[in-house]
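In the working numbering, the protein residues as written are 100 to 387. Since the structure comes first, as structure tokens, the remarks are kept for the end.
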């Protein structure tokens, strides 16, 4: 169904769920398709979530530009400094007078109550963070930057250390970050409303097309000649049914349990078809 592997075509097997989780053997499926590092990766669940978003973007109404495919390449190990070494690094070039001044500022910051503006800043940062997962790529990237800047400002305000990056962030006022977060939140809410409207429209259109197809089938059946022998191979029909079913799931922006897949009583389970070549994919996937 998903073979051959192509970067510009989402892997629909990522939409299938077993016990509300990706298929337990999905790593083997991906490895056979040619996805690098899939066989031994521990990030399959995160990969499936990202690939599902690619399918939603490709088959949505209207289609959107797909984000890049999530890489399963193992990350290089991070070297951590000890607490003592970290403290020595922070204070290596700080004069005694500078250190005393920093401690004094820290006491003032941590003992003084947050102003109403700073409290609102903290609340907005949490609100925008909560909606990041539901945003499209460009909106999510912009909102994440606004949140990161606000969190850096708060960290600089609350912490004793004053790294150079923190000093740059601190040049802006709390009110500036409140305005930025409020604007990002408004854009995020509008974006989520638009996504929801598109999903509803797609669902409505799918229902309309289904009814039209059923009506045509009834009309055709009423005037049809006696049934003739089926000439299309059963395997092609099974692959096409599963592919169309998964495309419909992607249009609705959801996932599907494996036991719901329609194999048409071919005698094979759904696993049999996960690597099958879909000759009908070109008719299902939108042209860019």
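Built from N, CA and C at the ideal position, the CB exists for glycine as well.
- Of the residues 358, 346, 111, 130, the one whose Cα lies closest to the Cα of residue 302 is 346.
- Of the candidates 152, 288, 144, the residue whose Cα lies closest to the Cα of residue 171 is 144.
- Under DSSP, residue 117 forms a beta bridge with 120.
- Checking the DSSP bridge columns, you'll see residue 355 partnered with 115.
- Taken through DSSP and simplified to helix, strand or coil, residue 102 comes out as strand.
- Contact annotation, residue 220 with residue 273: C-beta distance approximately 5 Å; criterion of less than 8 Å satisfied.
- Taking a 10 Å sphere around the C-beta of residue 358, we find fewer than 16 other C-beta atoms and assign the residue as exposed.
- The C-alpha of residue 119 is placed about 27 Å away from the C-alpha of residue 164.
- Counting only the Cα atoms, residue 360 lies some 24 Å from residue 315.
- One Cα belongs to residue 138, the other to residue 130, and the distance between them is close to 6 Å.
- Assigned with DSSP and collapsed to three states, residue 241 falls in helix.
- For residue 303, the enclosing alpha helix (DSSP H) begins and ends at 273 to 321.
- DSSP, reduced to helix, strand and coil, places residue 137 outside both helices and strands of the structure shown, so it counts as coil.
- Nearest to residue 121 by C-alpha distance, out of 146, 108, 140, is 146.
- Cβ-Cβ distances below 6 Å link residue 311 to nothing in the same chain once the five nearest sequence neighbours on each side are left out.
- Closest option to residue 216, judged by alpha-carbon separation, among 249, 233, 355: 249.
- Here the alpha carbons of residue 296 and residue 317 stand approximately 32 Å from one another.
- Secondary structure of residue 222 (DSSP, three-state): helix.
- Look at residue 110 here: in three-state DSSP terms it is coil, with no helix or strand label.
- Residue 285 and residue 278 have their alpha carbons spaced roughly 11 Å apart.
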